[in-house]
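121 is the number of the first residue of the sequence shown in the numbering used here; add one for each residue after it.
Everything on this sheet refers to the single structure shown next.
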Amino acid sequence: MDNLLTALKNLVGFGRWDYSDRRAMLRIPCQIEVQLQNPPTLMGGEVRDMSISGLQVLCYGPIKKGQNLKVRVRNCPLQAEIDTIDCKVEWRQKEGVHFLAGLSFAENEQVMTRSWAFYEFKRLGLEAGTMYQKRQFLRVVCLLPARLQIGDESRKVAVKDLGLNGARVEATGAPLERGTPVILSFGPLDKLPEIRVAGHVALVRRGRVPHYGLAFERFSAGGPRQLEKYLDFFFTKS
Numbered sequence: 121m122d123n124l125l126t127a128l129k130n131l132v133g134f135g136r137w138d139y140s141d142r143r144a145m146l147r148i149p150c151q152i153e154v155q156l157q158n159p160p161t162l163m164g165g166e167v168r169d170m171s172i173s174g175l176q177v178l179c180y181g182p183i184k185k186g187q188n189l190k191v192r193v194r195n196c197p198l199q200a201e202i203d204t205i206d207c208k209v210e211w212r213q214k215e216g217v218h219f220l221a222g223l224s225f226a227e228n229e230q231v232m233t234r235s236w237a238f239y240e241f242k243r244l245g246l247e248a249g250t251m252y253q254k255r256q257f258l259r260v261v262c263l264l265p266a267r268l269q270i271g272d273e274s275r276k277v278a279v280k281d282l283g284l285n286g287a288r289v290e291a292t293g294a295p296l297e298r299g300t301p302v303i304l305s306f307g308p309l310d311k312l313p314e315i316r317v318a319g320h321v322a323l324v325r326r327g328r329v330p331h332y333g334l335a336f337e338r339f340s341a342g343g344p345r346q347l348e349k350y351l352d353f354f355f356t357k358s
């Protein structure tokens with residue numbers, strides 16, 4: 121995997137790589153049409169985000185944890201020699217009539233650096249050398265206790281990943297709908313300041329414990345610079 125990181129750095133042509141030891145924490149949101157095959161089953165799917173270690177995919181058919189899948193991109197980048205890669209299903213959860221799954225790459229670095237996935241990283245912003253510098257693309261995996269204000273109701277929630285423009289929270293209680301106005305509060309934590317930010321529910325993922333994607337709109341305590349300290353903190357803890 122280190123060789124793959126080196127190849128990515130050479131591809132984008134910039135010397136500083138601030139988060140090379142924390143690469144598994146970084147996910148790039150995207151929408152990429154793919155075909156998923158576990159012979160003889162063939163189904164469609166959509167890659168929702170990518171990381172150096174794998175993909176998050178919405179699968180339009182049944183899958184099982186531990187299953188091996190061949191993932192073929194529908195529109196292969198011209199530079200790529202390989203349009204199909206082997207992956208393993210690490211987790212899955214029901215999402216409506218489909219399944220959301222986390223897939224890990226099962227190919228070696230020689231295959232990966234010639235594959236569609238490698239060049240999709242470039243297409244998604246790496247060619248400008250800015251994706252890892254534009255912190256709005258950054259998501260850090262965390263487990264951060266927080267409170268979510270919905271109207272007059274205040275719920276205890278867990279922040280599962282965090283970025284400058286939003287967060288994913290795990291919350292019990294009555295289901296929330298997309299567009300619901302919310303206020304997320306957390307901190308102070310160690311030397312980190314209090315954050316209080318208003319926003320709305322942008323994504324709903326039903327399950328045994330629902331997950332909600334929140335889009336941030338305005339801060340009433342702290343701000344982007346203070347929030348960035350949380351990103352650095354959780355990188356350091358990883």
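For every residue, glycine included, the Cβ atom is placed at its ideal position computed from N, Cα and C.
(request) Answer with buried or exposed for residue 294, where buried requires no fewer than 16 other C-beta atoms within 10 angstroms of its C-beta. (result) The residue given as residue 294 occupies position 174 in the sequence shown. Exposed.
(request) Kindly identify the DSSP beta-bridge partner or partners of residue 352. (result) Within the sequence shown, the letter at position 232 stands for residue 352. According to DSSP, which records beta bridges pairwise, residue 352 is partnered with nothing at all.
(request) Would you list, in sequence order, the uninterrupted beta strand (DSSP E) runs of no fewer than 3 residues that lie entirely inside the segment 259 to 324? (result) Those beta strand (DSSP E) runs which fall completely within the segment 259 to 324 and span 3+ residues are 260 to 270, 273 to 282, 286 to 290 and 301 to 306.
(request) Take residue 181 and list the residues in its own chain whose beta-carbon comes closer than 6 Å to its own, dropping the five residues that flank it on each side. (result) Start at 1 with the first residue of the sequence shown, and residue 181 comes out as number 61. Excluding residues within five positions, the ones whose Cβ falls inside 6 Å are 163.
(message) Restricting to Cα atoms, I'd like to know which of 332, 273 and 269 is closest to residue 282.
(response) The residue labelled residue 282 in the question sits at position 162 within the sequence shown. Each of 332, 273 and 269 was checked against the Cα of residue 282, and the nearest Cα belongs to 332.
(request) Go ahead and pull the three-state DSSP assignment for residue 347. (result) As a working mapping, residue 347 is identified with position 227 in the sequence shown. Helix at residue 347.
(request) Pull up the DSSP beta-bridge partners for residue 163, would you. (result) For the purposes of this step, residue 163 is taken as the residue at position 43 of the sequence shown. According to DSSP, residue 163 bridges with 156.
(request) For residue 211, collect the residues of the same chain with a Cβ closer than 8 Å to its Cβ; drop the 5 residues on either side in sequence, then sort them by chain order. (result) Counted from its first residue, the sequence shown places residue 211 at position 91. The residues are 185, 221 and 222.
(request) Return the Cβ separation of residue 353 and residue 312 in integer angstroms, given the expectation that the two are a contact with Cβ distance under 8 Å. (result) Taking the first residue of the sequence shown as position 1, residue 353 is located at position 233. Taking the first residue of the sequence shown as position 1, residue 312 is located at position 192. Yes, residue 353 and residue 312 are in contact; Cβ-Cβ is about 6 Å, under 8 Å.
(request) Check residue 217 in the structure and name its three-state DSSP category. (result) Here residue 217 refers to the residue found at position 97 of the sequence shown. It is coil, neither helix nor strand.
(request) Alpha carbon to alpha carbon, how far is residue 272 from residue 208? Give it in angstroms, no decimals. (result) For the purposes of this step, residue 208 is taken as residue 88 along the sequence shown, with counting starting at 1. For the purposes of this step, residue 272 is taken as residue 152 along the sequence shown, with counting starting at 1. Between the C-alpha atoms of residue 208 and residue 272 there is a straight-line separation of about 44 Å.
(message) Please list the terminal residues of the continuous beta strand (DSSP E) segment that includes residue 237.
(response) Here the question's residue 237 lines up with position 117 in the sequence shown. Here residue 237 belongs to no beta strand (DSSP E); instead the alpha helix (DSSP H) covers 236 to 243.
(request) Output yes or no for whether 9 Å exceeds the beta carbon distance between residue 269 and residue 321. (result) Here residue 269 is taken as the residue at index 149 of the sequence shown, counted from 1. Here residue 321 is taken as the residue at index 201 of the sequence shown, counted from 1. Contact: no.
(request) Give the straight-line distance between the Cα atoms of residue 232 and residue 204, rounded to the nearest whole angstrom. (result) In the sequence shown, counting from the first residue as 1, residue 232 sits at position 112. In the sequence shown, counting from the first residue as 1, residue 204 sits at position 84. The alpha-carbon atoms of residue 232 and residue 204 are separated by roughly 10 Å.
(request) Use the C-beta contact count for residue 156: other C-beta atoms within 10 angstroms, 16 or more gives buried, fewer gives exposed. (result) Translated into the one-based positions of the sequence shown, residue 156 becomes position 36. It is buried - the Cβ of residue 156 has at least 16 other Cβ atoms within 10 Å.
(request) Please classify residue 210: does DSSP put it in a helix, a strand, or coil? (result) Within the sequence shown, the letter at position 90 stands for residue 210. Residue state, collapsed to three classes: strand.
(message) Can you give me the C-alpha to C-alpha distance between residue 348 and residue 260, rounded to a whole angstrom?
(response) If you number the sequence shown from 1, residue 348 lands on position 228. If you number the sequence shown from 1, residue 260 lands on position 140. Cα to Cα, the separation comes out at about 11 Å.
(request) Would you decide whether residue 216 is buried or exposed? Buried here means 16 or more other CB atoms lie within 10 Å of its CB. (result) Here residue 216 refers to the residue found at position 96 when the sequence shown is read from its first residue. By the neighbour-count criterion, in which a residue is buried when 16 or more other Cβ atoms sit within 10 angstroms of its Cβ, residue 216 is exposed.
(request) Closer than 6 Å by C-beta to residue 175: which residues in its own chain qualify, once you throw out the five before and the five after it? Chain order, please. (result) Taking the sequence shown and counting its residues from 1, the one referred to as residue 175 is at position 55. Taken in chain order, the residues that qualify are 167 and 223.
(request) Look at the alpha carbon of residue 290 and the alpha carbon of residue 327, and state the distance between them as a whole number of angstroms. (result) Here residue 290 refers to the residue found at position 170 when the sequence shown is read from its first residue. Here residue 327 refers to the residue found at position 207 when the sequence shown is read from its first residue. Rounded to whole angstroms, residue 290 to residue 327 spans 10 Å at the Cα level.
(message) How far does the alpha helix (DSSP H) with residue 230 in it extend, from its first residue to its last?
(response) As a first step, residue 230 is located in the sequence shown; it is residue number 110 there, counting from the start. 229 to 232 is the extent of the alpha helix (DSSP H) around residue 230.
(message) By the DSSP assignment, the beta strand (DSSP E) with residue 181 in it spans what residues?
(response) Counting from one through the sequence shown, the residue named residue 181 turns up at place 61. Premise fails: residue 181 is in no beta strand (DSSP E) and is neither H nor E.
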